[in-house]
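> Going by the working numbering, the first sequence opens with residue 8, and the numbers climb by one from there. Glycine included, each C-beta is placed from N, C-alpha and C at the ideal position. Bear in mind that the values here come from a model prediction, so they are computed numbers and not experimental data.
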Amino acid sequence: MHRVALAAQASSPDGRPRRTGALAGRACSPHGPRGRASRGPLGALRAPRWALGVLADALDGFGPGRGQARAQVGGRPLTSRQSFRYPPPAMKLKAVQPEVHFPALEERVLQSWDATGAFQRSIDERPESESYVFYDGPPFATGKPHYGHFVASVLKDIVPRYWAMKGKRVERRWGWDCHGLPVENETQKDLGLVSKADVDKLGIEKFNEACRGIVLRYTEEWKGTIRRLGRWVDHDRGYKTMDADFMESVWWVFSKLWQDGRIYEGYRVQPVSPALGTPLSNFEVALGPQERDPVTKKEGHKRRQDPSLTVRFALEDEEASLWAWTTTPWTLPSNLALAVNPGTEYVKVRVVETGEVAYLEPSRLADYQARGRVGETEELERLPGSALVGRPYRPLLPYFKEHAEPVNGKRPAFYVVAAEYVETTSGTGIVHQAPAFGEDDFQTGKDNDLPLVNPLSLTGHFDATVPDFEGQFAKDADKAIMAKLKDQGSVVDQDTFVHPYPHCYRTGVPLLYMAISTWFMKVEELRDQLVANNEQTHWVPQAVGTGRFGNWLAAARDWNLSRNRFWGTPLPIWRCDENPDEMVCVGSRKELAELCGMAESELVDLHRDKIDGLTFPSKSTPGGTMRRIPEVFDCWFESGSMPYAEHHYPFENKASVEANLPAEFIAEGLDQTRGWFYTLTVLSTALFGRPAFKNVIVNGMVLAEDGAKMSKSKQNFPDPNGVLERLGADALRIYLASSPVVNAKPLRFSEAGVQDHVRSVMLPLWNAYSFLTRYANVDGWEPDGVAPDPGVNELDGWVLSRLQTLLSEVEERMAAYELFRVIPALLGFIDDLTNWYIRRSRRRFWRGADDGDDGGDKLNAYRTLHHVLLEVSKALAPFLPFITEEMYGNLAAPLPGGARDSVHLEDYPVANAAFVDAGLEARMQLARTAVGLGRGLRAKHDVRTRQPLPSMTVVLADADSRAGMERMIDIVRDELNVKEVHVQADEGEFVTYSARPNLKLLGPKFGKEIGKIKAEALALASDDLARVVAGGSIPSASIDGLVYDSDSLLVDRASKEGTVVDTLDGVTVALDVTLTEELIVEGLARELVTRIQNLRKETGLELDDRIEVTASCDGPLADALVAHWELIAGEVLAKGACPDPSASVDASAVGASAFDIDGAEITLRVKKV
RNA sequence: GGGCCUGUAGCUCAGUUGGUUAGAGCGUUCGCCUGAUAAGCGAGAGGUCAGAGGUUCGAAUCCUCUCAGGCCCA
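1) Measuring alpha carbon to alpha carbon, tell me which of Ala563, Thr812, Ile221 and Val799 ends up nearest Trp574.
2) Give me the Cβ distance between Glu892 and Val910, rounded to the nearest whole Å; I'm assuming they're in contact under 8 Å.
3) Given this structure, state the Cα-to-Cα distance separating Thr1170 from Val1116, to the nearest angstrom.
4) Which word fits Arg1093, buried or exposed, when buried means at least 16 other C-beta atoms lie within 10 angstroms of its C-beta?
5) I'd like the ranges of any beta strand (DSSP E) spanning at least 3 consecutive residues and lying wholly in the segment 665-743.
6) Thinking C-beta only, is Leu404 closer than 8 Å to Leu339?
7) Based on the DSSP output, what are the partners of Thr999 in its beta bridges?
8) Would you be able to state if there are at least three C-beta pairs under 8 Å between the segment 175-185 and the segment 127-140?
9) Can you list, in chain order, the residues of its chain whose CB lies under 7 Å from that of Glu825, leaving out five sequence neighbours each side?
10) Jot down the residue ranges of each uninterrupted alpha helix (DSSP H) in the segment 736-802, minimum 4 residues, whole runs only, in chain order.
11) To the nearest angstrom, how far is the alpha carbon of Asp737 from that of Leu772?
12) Just the Cα atoms here: how many angstroms apart are Asn897 and Cys1145?
13) Any idea what DSSP makes of Asn540, helix, strand or coil?
14) In angstroms, rounded to a whole number, what distance separates the CA positions of Pro955 and Val875?
15) Tell me the DSSP bridge mates of Ala314?
16) Tell me whether Gln440 sits in a helix, a strand or coil according to DSSP, three-state version.
17) In the DSSP assignment, find the beta strand (DSSP E) that holds His5 and state where it starts and stops.
18) If I'm right that Asp485 touches Trp581 with Cβ under 8 Å, what's the distance once you round it to whole angstroms?
19) How should Asp967 be labelled, buried or exposed, when 16 other C-beta atoms within 10 angstroms of its C-beta is the threshold for buried?
20) How many angstroms separate the CA atom of Ser1029 from the CA atom of Ile1017?
21) DSSP state of Asp967, grouped into three classes?
22) How close, in whole Å, do the beta carbons of Arg930 and Met972 come, if the pair is a contact with beta carbons under 8 Å?
23) Are Thr333 and Val318 closer than 8 Å when you measure CB to CB?
24) In the structure shown, what three-state DSSP assignment does Pro831 receive?
25) Leaving out five residues before and five after Trp526 in sequence, what residues of the same chain have Cβ atoms less than 7 Å from its Cβ?
26) Restricting to runs no shorter than 4 residues, where is the alpha helix (DSSP H) found entirely within the segment 314-402?
27) Among the residues of its own chain, which have a CB less than 7 Å from the CB of Arg41, if the five just before and after it don't count?
28) Assuming contact is defined by CB atoms lying nearer than 8 Å, are Val438 and Leu329 in contact in what I supplied?
29) Answer yes or no: do Tyr246 and Glu653 have a C-beta to C-beta separation smaller than 8 Å?
30) Based on the DSSP secondary-structure assignment, which residues constitute the bridge partners of Ala1077?
31) Judging by CA-CA distance, which residue of Val414, Ala670 and Ala522 is the nearest neighbour of Gly445?
32) Tell me the rounded alpha-carbon separation between Gly231 and Leu731.
33) For Lys865, tell me which candidate among Glu531, Ala1044, Pro957 and Ala783 has the shortest Cα-Cα distance.
34) Report the three-state DSSP secondary structure of Asp250 (helix, strand or coil).
35) Taking its Cβ as the centre, do 16 or more other Cβ atoms sit within 10 Å of Val1176, making it buried, or is it exposed?
36) Once DSSP output is grouped into helix, strand and coil, what is the label at Ile837?
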């Protein structure tokens, strides 16, 4: 071992490690000179134990004092504010009390990190050739950090810390998402601007200035909270999506796509708020007023009453009409087609009263008739919808009638089209189509190559193409349109209709759906490549990648990446005002400056207010001026560009960015599957033909304790900073990291859950650490760097072996990014360490000097526990960065090599095969099973553990197991407080056997006969089964080819009546509970020991205080006191001769108390001597 | 409306080729142990595996439908 070698060389004749020797050893470590050099030549700098308060107190008076620190640590100058105290040349472990306040400890560790520059050094000290690329998905700083961010941050900290300790150079740069609707909304609210027109009135410059002012509103809160959480991330060199360099890279990305022919202009039907004069995002639509449907009781859009109009369209090729239904009369001027479902049956009827001939769907006709809207009819013909497709009809209104004139022999509009979406649950089964005003209409229009006409402005007013209603607001025009149609005899029926309908979340007016010009990136043609690239990505959990994300990629649609907004990266497209087909896509500041005849240095900001005014003359259209189109980017485009833009690629860092694609690791929430994960993948595939990241951990959503979303108004979650202050970051981290969220499942956050982890993880770990340091102090043991010997004591060998198993497991699972499998292994080890190793080893540590030669057992116990805790502190460091820092600093400082300035600068421990002993782990497991059974038997038969019992018998059929158990006898005997432990093979005298068929094995073979086999197996006699257990077999009486043996049967054991026996996993334990007078008295003596120990504790005595005991009792208790005084005195560190039981003791005195033991009274008093 | 996910003890969750009596932790009751421990150990109580139907010798597990919740898309 590394440390052993160093220690051997570095120890001086007096046994004290020599620091200079150790330093020399370190200086040629493989980590390169940078970090080493900063340590300086002074031995005293070896282990600056900085400002850990507890420690500082312990070290007062040692080394150069406060204020003398003038060296540099981690390349950062130390200021005089930072109090540095150096360790003495060689020192003992600091004794640590079991009482601890983790949040305070964490604050001290945070200060130490600042002082030592540990974070930067954890990067700098790793070679550049070992680069490990991590991308940070940027959050908005318009809100404060909450638990969802905590989860992502914990993952984004654990993984990079781990790989840094594994020798990787992991840059961790923070990112801020600065653009997007949430920011604009927030600003509009602040400025009291309701509509887009209000923004125009104010001016983009002022508006954008206001946006800039608020996007970083909470950055200080973020920095503070993320720091407090223990996440190491570089804010100083982070990126902001609003930086000109970042935006310029986004331009480059777009221009590359443009050059590759991946960008096109198209239309898309979007919800528009006429009052705001702007399209809304789906997110904003969802914010609109909600209402519960009175029938279905479901929450949905607010309901409103609209006209319900049935209109007749006259066919051109027949004296008949098509009846169509609409709730939006204002779209009728824009009608261009009628849609039928080709698979539905339609009917042609003559209305008896009027003689009119009409087509519609028969069940709908019946509905009209039932409501008395249409009189009696005579059926003329039945025909499928497909038979109507293509038939021309006369334009209902004249405004766009030119589209009825054939172009190149084809009629552009005003004919019947087929559409699968047409249903027969309402209307007439024939649907009026205005392609500009509905998603379905638009799609049908596209499928049939219909023209797109839109006579409405964004504020919903008719323009001059519809002169009859010019200037009228669409909804207001409904009445006039209906009147006109009535006049010309086109109305079949007029009614009203109540339905849920989306309304504007800001103004409350009903939204209009209309086709808006937008810019698309062609993604559909990339589908196969996207899917192929995704297959190279390791998803955790895997199902997200193959399922949700994979499906999404396979069905990817062209990406609408423009937004009609103000505060974002402008689309770099300049278009000729004379010839709209002439466009220039600008890919850099330099290019734009040249086009506009200005200096590049004048382009310091690329936001709309700075560049919208920049124009240049057209090259191909005389007199034309090139002006920028008004749209900005979907801010997801910026997030997806972040791998390039954060480095200002390709304008700077070209080679390093290209060398480091794709990223090694990213982590975000499940909600990002179609957000960041998607945009990263699309852009990386389009630009570089490869995936954007190799490994990704997807975390689930954090819900409130009540299972609902966390909501400020409901107040259903505790303040995040409060939890950190009360319980600490380590506990919060381990709570989150060991919860279902790290496997993409939802977590109901509860502070009590965090508290649980303080109790079940933090405190046991701390107590193990405290145990070692306190006894080491009492004993004067100092860490000597000598490797523990696994052969001295089975317990040491066992815990060392378990540690190696743990390290291998962690390595394998971290390589697979399966944190949900790492944490339980770590926690399981802590449990083994504290509740078995230390529990069983306690006595080894308090063996007194006069107990004689222990063959080095105590020394090895110290070395083992110290070694294990030190390794554990490193192994847990990525997960619990604070407590491990404290432990490591104390545990490593006295070693010949000293401690590094931070555990996070250490190398991650690697499993040492020399310590692995599978046989030992197996037989220890047997021992623990036997002990568990024995304790259960004691409880069942009401014999407490303090009562010694004459013997127990462990029965094991397997010879290897018996041999293993023989070596565990001391441990089992001691733990169970029995005088003798016997191991034997034959369990016949203790148990009876019964058997069940092994269905997994027999099921597939015997199928339907299983019922019979079950009955037969259950009927097998215990004596016969004994032969099976011994390796024999019994042929089945009724089933051919079936033989009962130890494979085909599962044999159960039951203890025989009247015995004290239990059995589990093939281990049978029998307890002899015969009590003799002698054993009873000895048991009482142990009762006395416990009572006196408790008194010691209550009285606040130190571990090694010697005491004087006085007692008042009679009967068996007095016998026990006298007979076993030597034992008692040894256990409780009592001095002097046996106290006289007949003395009188004042139970109310300090250190005194009266007890009742099995009905006998005793008063005891302890006093320090 | 569509895609994906979740629903198992009071709570948080395990439960993979379908296999017998469905587990763990927390909480709870009783008992035990304790020179580190706020910890630990043993026993008990606690389950229509969301519901219905199907496949099968056998279903928490596979299939279909329904209900409730979540994320995303429309």
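According to the structure shown:
1) As a first step, residue 574 is located in the first sequence; it is residue number 567 there, counting from the start. For the residues Ala563, Thr812, Ile221 and Val799, the minimum Cα distance to Trp574 belongs to Ile221.
2) Mapped onto the first sequence, residue 892 falls at position 885. Mapped onto the first sequence, residue 910 falls at position 903. Confirmed, about 5 Å.
3) In the first sequence, counting from the first residue as 1, residue 1170 sits at position 1163. In the first sequence, counting from the first residue as 1, residue 1116 sits at position 1109. The alpha-carbon separation between Thr1170 and Val1116 amounts to approximately 11 Å.
4) Here residue 1093 refers to the residue found at position 1086 of the first sequence. Buried, by the Cβ-count rule.
5) Complete beta strand (DSSP E) runs here, min 3: 670-676 and 700-706.
6) Here residue 339 is taken as the residue at index 332 of the first sequence, counted from 1. Here residue 404 is taken as the residue at index 397 of the first sequence, counted from 1. Against a cut-off of 8 Å, the Cβ pair of Leu404 and Leu339 comes out as a contact.
7) Stepping through the first sequence from its first residue, residue 999 is reached at position 992. As computed with DSSP, Thr999 is found in a beta bridge with Ala1061.
8) Enough Cβ pairs lie closer than 8 Å, so yes.
9) Indexing the first sequence from 1 puts residue 825 at position 818. If we look at Glu825 and ignore the five residues flanking it on each side, its Cβ neighbours are Val547.
10) Complete alpha helix (DSSP H) runs here, min 4: 736-744, 758-764 and 770-786.
11) Against the first sequence, residue 737 aligns to sequence position 730. Against the first sequence, residue 772 aligns to sequence position 765. Per the coordinates, the alpha-carbon of Asp737 lies some 12 Å from the alpha-carbon of Leu772.
12) The residue you call residue 897 lines up with position 890 of the first sequence. The residue you call residue 1145 lines up with position 1138 of the first sequence. Asn897 and Cys1145 have their C-alpha atoms spaced approximately 42 Å apart.
13) As a first step, residue 540 must be located in the first sequence, where it is residue number 533. Per DSSP, reduced to three states, the secondary structure at Asn540 is helical.
14) By one-based count along the first sequence, residue 955 stands at place 948. By one-based count along the first sequence, residue 875 stands at place 868. Each residue's CA atom was taken as its position, placing Pro955 and Val875 some 33 Å apart.
15) Numbered from 1 along the first sequence, position 307 holds the residue referred to as residue 314. Going by the sequence as given, residue 314 is Pro instead of Ala. Answer by DSSP bridge pairing, in chain order: Thr503.
16) Locating residue 440 in the first sequence gives position 433, where the first residue counts as 1. Here Gln440 sits in strand by DSSP.
17) Because residue 5 is not part of the residues shown, which for the chain are 8 to 1176, the question remains open.
18) Within the first sequence, numbered from 1, the residue matching residue 485 stands at position 478. Within the first sequence, numbered from 1, the residue matching residue 581 stands at position 574. Actually they are not in contact, since the Cβ atoms of Asp485 and Trp581 sit about 41 Å apart, beyond 8 Å.
19) Within the first sequence, the letter at position 960 stands for residue 967. By the neighbour-count criterion, in which 16 or more other beta carbons inside 10 Å mark a residue as buried, Asp967 falls on the exposed side.
20) Here residue 1029 refers to the residue found at position 1022 of the first sequence. Here residue 1017 refers to the residue found at position 1010 of the first sequence. One Cα belongs to Ser1029, the other to Ile1017, and the distance between them is close to 21 Å.
21) Stepping through the first sequence from its first residue, residue 967 is reached at position 960. DSSP places Asp967 in helix when its eight states are reduced to three.
22) Residue mapping note: residue 930 aligns to position 923 of the first sequence, counting from 1. Residue mapping note: residue 972 aligns to position 965 of the first sequence, counting from 1. That pair is a contact at about 7 Å.
23) On the first sequence, position 326 is the one that residue 333 refers to. On the first sequence, position 311 is the one that residue 318 refers to. Yes, these two residues count as a Cβ contact at 8 Å.
24) Counted from its first residue, the first sequence places residue 831 at position 824. Secondary structure at Pro831: helix, using DSSP grouped into helix, strand and coil.
25) Position 519 of the first sequence, counted from the start, is the residue given in the question as residue 526. Excluding residues within five positions, the ones whose Cβ falls inside 7 Å are Ile270, Glu272, Leu568, Ser569, Leu578 and Glu638.
26) With a minimum length of 4 residues, the continuous alpha helix (DSSP H) runs that stay inside the segment 314-402 are 369-377.
27) Taking the first sequence and counting its residues from 1, the one referred to as residue 41 is at position 34. With a pLDDT of 29 at Arg41, under the threshold of 50, the predicted position of this residue should be treated as unreliable, though the coordinate-derived value follows. The answer, listed in chain order, is Asp131 and Glu132.
28) Taking the first sequence and counting its residues from 1, the one referred to as residue 438 is at position 431. Taking the first sequence and counting its residues from 1, the one referred to as residue 329 is at position 322. Cβ distance not < 8 Å, so Val438 and Leu329 don't count as in contact.
29) Locating residue 246 in the first sequence gives position 239, where the first residue counts as 1. Locating residue 653 in the first sequence gives position 646, where the first residue counts as 1. In this structure, Tyr246 lies near Glu653, with their beta-carbon atoms less than 8 Å apart.
30) Walking along the first sequence from the start, residue 1077 turns up at place 1070. DSSP, once it has assigned bridges, lists Thr960 and Val1068 as partnering Ala1077.
31) Against the first sequence, residue 445 aligns to sequence position 438. Of the listed residues, the one whose Cα sits closest to Gly445 is Ala522.
32) Stepping through the first sequence from its first residue, residue 231 is reached at position 224. Stepping through the first sequence from its first residue, residue 731 is reached at position 724. Straight through space, the alpha carbons of Leu731 and Gly231 are spaced by roughly 11 Å.
33) Translated into the one-based positions of the first sequence, residue 865 becomes position 858. Looking at the Cα atoms, Ala783 is the closest of the given residues.
34) Taking the first residue of the first sequence as 1, we reach residue 250 at position 243. Three-state result, Asp250: coil.
35) Translated into the one-based positions of the first sequence, residue 1176 becomes position 1169. Flag for Val1176 reads exposed.
36) Stepping through the first sequence from its first residue, residue 837 is reached at position 830. Shown here, Ile837 sits in a helix according to DSSP, grouped into three states.
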